[in-house]
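Below is one structure, written out as structure tokens; the observations come after it.
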Amino acid sequence: MSTDPVGRFLTALDPDHRKAISAKPREEQERLAAAWERELEEDTELDSLDELSPPAAEAEAARRVLNRGTG
């Protein structure tokens, strides 16, 4: 498993979003990955999901970040 936040973020995305985000500049990828990490750290609802399925929690956090569009 990658320890690189961008690599982990890209892994959490569905294939279509992964392709789209991979095409963005590295700076944008890093901004989104940082927002994703904040979502994982700050959202207490994801804590329960993370206990059941870490990949599902990461995917849900990625979906939320992309839906907000602000990162």
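In our numbering, the protein residues as written are 989 to 1059.
Every residue gets a Cβ at the ideal spot worked out from N, C-alpha and C, and that includes glycine.
Taking the Cβ atoms as the reference, L1034 lies roughly 6 Å from L1028, within the contact range of under 8 Å. Counting along the chain, the unbroken alpha helix (DSSP H) around T999 starts and ends at 993–1000. The residues L1037, in chain order, have a CB closer than 7 Å to that of A1044 in the same chain once the five nearest residues on each side in sequence are set aside.
L1040 has its alpha-carbon roughly 23 Å from the corresponding atom of L1054.
Buried is the label assigned to A1049, since at least 16 other Cβ atoms lie within 10 Å of its Cβ.
One thing to note: E1046 has its Cβ within 8 Å of the Cβ of A1000.
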